[in-house]
Structures are given as C-alpha cells and as structure tokens.
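Chemist: Right, I'll just put the structure down here and ask away after.
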Amino acid sequence: RLLHGDVGAGKTAVAGAALLAVARAGRQAALMAPTELLAEQHYRVLADWLRDLGWSVHLLIGSSASGEAAATRKALSGGEAQIVIGTHALFQRGVHFHDLALVVVDEQHRFGVRQRAELAGKGLAPNLLVMSATPIPRTLALTAYGDFDVSVLDELPPGRQPVHTQVLGKRERRRAYESLVQHVSAGRRAFVVCPVIEEGAREYVASAQEVFERLQEQVPALRWGLVHGRMKREEREAAMNEFRQGALDVLVATSVVEVGVDVPEAAMMIVENAECFGLAQLHQLRGRVARARTPASCYLITISQNPDTIERLQVLERTTDGFIIAQEDLLRRGPGELLGERQSGYLDVRLAQAASDTRLLVQARKQALALLEEDPELQAAEHQALAAYLRRAEARTGGFTL
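Going from the sequence shown to our numbering is simple: count from 1 and add 5.
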C-alpha cells in the first residue's frame, strides 16, 4: 500500500500505529528510512511514544557502534526485538528476522526497486507500506496499473500554511538573499541548499562549502551553519541541534536535509542551482519550511535558460500537491519498467498512459480483479484468447508469469 501525504500530514503517526499493531500480534516490524538523520528522528519520536505503551524500539544504522549493532541483530534473529528502525543497514547480510510481518519504507522515492525488495525478502511475504509526499513516476504508474492500493492523508494540521514558491534567474539572486536577511531579522530561521559539497565538483554549480564561506564573509551579522553528508555524525548532529535550538540563524546544506529535519521556526529556503534537483527532491526540500505556522517562502534559483527546464521548475510555483507533482514527473520522465528495475523512461509495451488515462485504468483494474476472482487460472472458454496472449507476453518478456 502507498500512503501519500504531504510533509507534516501525519504519515509517521500512521506508521507508528501499524508497527504497534504488528508487535501486539507477536510478530516483527521494520521501518526503513533513507538517511541516518531521518532514521534517528523516527527513532526518537516513536521510541518515546511506544515506550509509554510498554514497547521497546531498536535502531540499526550504518554508524551504530559495533557492539550495539551486534546486540540488535541478535535480538532480531531471536525474536526478542519486535520493532526496529533503520537505514539500508536493515537489509545487509547478517541481518535476519525471526518473523518479519511488516515492512514500512519511508520516503520511498529515495530507494531503488531492488533495495525495497531486499528488505521485504527478509520475511515470508511481509506486508509492505511505502510512504511518500511525492511518489516517483514508477510508483505512480504501478498504483494506476494495480500493484499498489492507495491511502491519502489529504489534510494538514490546523494553522499550517502552504509554501510560497518562486523560480528566479541568477540575476534575481540578490532579491532572494535580501528576503532571507529580513526573515532572520524578524526572528525566523532559514535554509540555503546547494547541490554539491565542494567547489569544482560540477562546473557552474554552487557548492555548500563555497556558499557557506562567502555568506559568512558578506553577512557576518548572521549566525551561519554548515551540514553535508561527508561530515562526521557527531559534527552533523551538533550543527543540527544548534539550528533547532536557535543558536544558528541559517543552515547551509546539501540535500542531506531533504528529509528528517523538523524545525518549525524555519520559514524560508533558498535552493541554488535548482535545475540540478528533481521535482520530488525540490518538493521534499521545501517541505522543511512547511512546518511553520507563519507564511513560508522558497526561492528556486536557476542559471539555466532552457525553456523546458524553467517550465519544469515552475510546476512547483503552481502547486503544492505531491500527487500533481508526481503526475507532471510521470509525463516528463515516463514510468520506467513494469517488469524491471528502471524507475523512469518510457514503456516499450502498448498500454494506456498512466498519467492521461486515469479513468480508463481504474475501470480496467476493477474488471481485471473481478475476472481473476471469477477465473484465476483463466480456464473458461471465453478467456482462452486472453490466456494465449499472456503466454505470448511471457515468452517475449521472460519476466511476466501467468
């Protein structure tokens, strides 16, 4: 099942309830997040909540101390640990579950097809719940084609306001930073996001390190912080805590802050070289400032003059709905392979278009489910032509089975 809801809609609460239900049934449940930052945030929130209900939660991430990780793996294989939260470390060799019944994948667009399957493969056909504010094209296509059921959290907490988003050219950059200074002067906090860590990694692309140093020099009155993926865990946590507590005004970062950062006082974001990010990433990034009760702003700065690129970015000016953004992504990138691992690109089979033929797909799915309920082996005389077609498709693709 796909659980879709925008940032702050309550997906974590739903996941927590599902984990608890499985634990109460005497089985095991795992929640996988794409980054240690997000896994640790889930662990803090859910461990506190479930501890009050009498359940312990385990954490397994790449930087876990060896002794702690070994103890968690032993508890999982023996069945003593019923709820675990982690990153890719959950599906590595040496991790065995006693009775895995539920896999929850948060921010599922950050994982590959094989990665999700490897964790699910740790159990005997466990239930799968994937959560995202922006389903990637493949997932949206599979939803339409019937592999996923969908639950939608279509409301936000009271008082939450949409993020005002603007696409700016490089000559308008100054306006964005003047607005940032005004925001901080009013007592709010802000993010500046860059696509790379160091200067020279990609030509004409702003690096977090260079932008951090330049802004410190140009606006010394503000308190600047820096966070990126190459920092040691302790350094990253220290910078994040300073930002949460208000000891820093502005956090310069890479996309490491895309998920797992909850700072309600942050009400503004500037994204440098926005053309380097995907629509899903940009939607997630601006979600970091969507938790404020005050009006929030996001400036997408691009050096590109390509009309298609600018039009793509302007999708985010027009909507804050993750499903609409995913549908635009689907139209532009294609759904990927139905029988393989590629998550974008166009199909080489003659089927209805998932983005434009929604009503037809819903009707076809209902009819297919009814047919399989009536004749799962397609043995009836009136279904022989369909069975023959599917056998030919199986021989042609090598991956489709009846």
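We put the CB at the ideal spot given by N, CA and C, even for glycine. This structure is a prediction, so every number in the text was calculated from the model and none was measured.
Thinking C-beta only, is Leu321 closer than 8 Å to Leu305?
Modeler: Against a cut-off of 8 Å, the Cβ pair of Leu321 and Leu305 comes out as a contact.
Chemist: Below 8 Å CB to CB, which residues in the same chain sit around Thr299 once its five sequence neighbours on both sides are set aside?
Modeler: Once the five neighbours on either side are set aside, the close Cβ partners of Thr299 are Gln166, Arg193, Ala272.
Chemist: Give a yes or no on contact between the region 37 to 56 and the region 75 to 85, applying the rule of three or more CB pairs nearer than 8 Å.
Modeler: These segments do not touch.
Chemist: Would the beta-carbon of Leu158 fall within 8 Å of that of Pro131?
Modeler: Not a contact, by the Cβ cut-off of 8 Å.
Chemist: Contact between the region 166 to 182 and the region 229 to 240: three or more CB pairs below 8 Å?
Modeler: With the cut-off at 8 Å, the region 166 to 182 and the region 229 to 240 do not touch.
Chemist: Would you please state the rounded distance, in angstroms, between the beta carbons of Gln389 and Val172? I believe it to be under 8 Å.
Modeler: Not quite, the Cβ-Cβ distance comes to about 55 Å (not below 8 Å), so this is no contact.
Chemist: For Asp104, tell me which candidate among Ala35, Gln384, Val62 has the shortest Cα-Cα distance.
Modeler: Checked all of Ala35, Gln384, Val62; the closest Cα to Asp104 is Ala35.
Chemist: How is the alpha helix (DSSP H) around Phe196 delimited, first residue to last?
Modeler: Taken as a continuous stretch (DSSP letters only), Phe196 belongs to no alpha helix (DSSP H), being part of the beta strand (DSSP E) at 194 to 198.
Chemist: Determine which residues share a DSSP beta bridge with Val27 and list them.
Modeler: According to DSSP, Val27 bridges with nothing at all.
Chemist: Taking the runs of the alpha helix (DSSP H) that are 4 residues or longer, which of them lie wholly in the region 20 to 95?
Modeler: Runs of the alpha helix (DSSP H) inside the region 20 to 95: 41 to 56, 71 to 83.
Chemist: Distance, Cα to Cα, Pro200 vs Ala213?
Modeler: Taking the straight line joining both Cα atoms gives about 7 Å.
Chemist: DSSP state of Gln171, grouped into three classes?
Modeler: Of the three classes helix, strand and coil, the one that applies to Gln171 here is strand, per DSSP.
Chemist: So, Asp254 versus Arg228, is the Cβ gap smaller than 8 Å?
Modeler: It is a contact, given that the beta carbons lie within the stated cut-off.
Chemist: Are Val89 and Leu65 close, meaning C-beta to C-beta below 8 Å?
Modeler: Cβ atoms of Val89 and Leu65: closer than 8 Å.
Chemist: Tell me the DSSP bridge mates of Met136?
Modeler: In the DSSP output, where bridge partners are listed per residue, Met136 has Leu8, Asp111.
Chemist: Roughly how many angstroms separate the alpha carbons of Met37 and Gly72, rounded to a whole number?
Modeler: Using only the alpha carbons, I get a separation of about 21 Å.
Chemist: When we look at the beta-carbon of Ser302 and count the other beta-carbons within 10 Å, is it buried (16 or more) or exposed?
Modeler: Buried, because 16 or more other Cβ atoms sit within 10 Å of the Cβ of Ser302.
Chemist: By Cβ distance below 7 Å, which residues in the same chain neighbour Val261 in space, the five residues on each side in sequence not counted?
Modeler: Contacts found: Thr40, Leu42, Val232, His233, Gly234.
Chemist: Measure the Cβ-Cβ separation of Ala44 and Gly13 and say whether it is below 8 Å.
Modeler: Result no, Cβ atoms of Ala44 and Gly13 do not sit closer than 8 Å.
Chemist: Which class does Ser184 belong to by DSSP, given the choice of helix, strand or coil?
Modeler: The answer is helix: DSSP assigns Ser184 an H, G or I state.
Chemist: Have a look at Ala138, Gly84, Leu134 and flag the residue whose alpha-carbon is nearest the alpha-carbon of Phe153.
Modeler: Selected option, being the one with the closest Cα: Leu134.
Chemist: So for Ile275, helix, strand or coil by DSSP?
Modeler: In the structure shown, Ile275 sits in a strand (DSSP, three-state: E or B).
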